[in-house]
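Student: Note that our numbering has the sequence shown beginning at 11, numbered continuously upward.
No residue lacks a Cβ here, since even glycine has one placed at the ideal position from N, Cα and C.
Since we're looking at a predicted model, the values are computed, not measured.
Got a structure here, written out as structure tokens. Questions coming.
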Amino acid sequence: MPYKNKEDRIKWHKNYRDTTEYRRDQAISKRKKIAAMKLEVFTHYGNKCAHCGFSDIRALQMDHIDGNGMKDRKENGMGCSHMRYSKVLKDRTLLEKFQLLCANCNWIKRAENKEHKALKYT
Ligand SMILES: [Zn+2]
């Protein structure tokens, strides 16, 4: 912050917020916050797939145990994963609605339960 004068300082901040560096820093900060929330949520579930034990968190996904994910995303605003992490960390009783599955087990579960509309008529 280069200015001691309040008005110049405010003007400098307004200009700074329009810069690419500011937006990049904000995006990095947001990604770090989301990664920390993801790690905290996944740690609750033991950082492994509840079905097969796969433990690479890059391929682990939160799965609605009851299979009503689409309805939950629409009605409760859990559309994006970071929103889901935020909500379950604020209200930890929501953690019981989910389990951690690897991508393979999650898709196999969807197919077996015909949860995905493309799989309903197969
Ligand atoms: Zn699995």
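So does the segment 66-77 actually touch the segment 33-40, counting three or more Cβ pairs closer than 8 Å?
Tutor: No, they do not touch.
Student: Could you check what DSSP says for residue 88 in three-state terms: helix, strand or coil?
Tutor: In the sequence shown, counting from the first residue as 1, residue 88 sits at position 78. If DSSP states are grouped into helix, strand and coil, residue 88 belongs with coil.
Student: Examine chain D for any beta-carbon lying closer than 8 Å to the beta-carbon of residue 121, and answer yes or no.
Tutor: Looking at the structure shown, chain D is missing, and only one protein chain is on hand.
Student: By DSSP's criteria, residue 93 is part of a beta bridge. Which residues make up the other side?
Tutor: What you label residue 93 is simply residue 83 of the sequence shown in a count that begins at 1. Beta-bridge pairing links residue 93 to no other residue.
Student: Could you check whether the Cβ of residue 104 sits closer than 7 Å to any heavy atom belonging to ligand 1?
Tutor: Working through the sequence shown from its first residue, we reach residue 104 at position 94. Incorrect: residue 104 has no Cβ contact closer than 7 Å to ligand 1.
Student: Indicate the three-state DSSP secondary structure (helix, strand or coil) for residue 54 in the structure shown.
Tutor: If you number the sequence shown from 1, residue 54 lands on position 44. Residue 54: helix per DSSP, three-state reduction.
Student: Pull up the DSSP beta-bridge partners for residue 105, would you.
Tutor: By 1-based counting over the sequence shown, the position of residue 105 is 95. According to DSSP, residue 105 bridges with nothing at all.
Student: Around the C-beta of residue 94, are 16 or more other C-beta atoms found within 10 angstroms, so that it is buried, or is it exposed?
Tutor: The residue labelled residue 94 in the question sits at position 84 within the sequence shown. Buried, because 16 or more other Cβ atoms sit within 10 Å of the Cβ of residue 94.
Student: If you drop the 5 nearest sequence neighbours on each side, which residues of the same chain put their C-beta closer than 7 Å to that of residue 75?
Tutor: Here the question's residue 75 lines up with position 65 in the sequence shown. Only 107, 108, 109 meet the Cβ criterion.
Student: Can you give me the Cβ contacts of residue 83 inside the same chain, cut-off strictly under 7 Å, excluding the 5 residues immediately before and after it?
Tutor: Stepping through the sequence shown from its first residue, residue 83 is reached at position 73. 89, listed in sequence order.
Student: CA-CA distance, residue 52 and residue 18?
Tutor: Within the sequence shown, the letter at position 42 stands for residue 52. Within the sequence shown, the letter at position 8 stands for residue 18. Their Cα atoms are separated by approximately 45 Å.
Student: Who pairs with residue 112 in a beta bridge, going by DSSP?
Tutor: For the purposes of this step, residue 112 is identified with residue 102 of the sequence shown, where counting begins at 1. Partner(s): 70.
Student: Considering only the alpha carbon of each residue, which of 27, 124, 118 lies closest to residue 62?
Tutor: On the sequence shown, position 52 is the one that residue 62 refers to. Closest option to residue 62, Cα to Cα, is 118.
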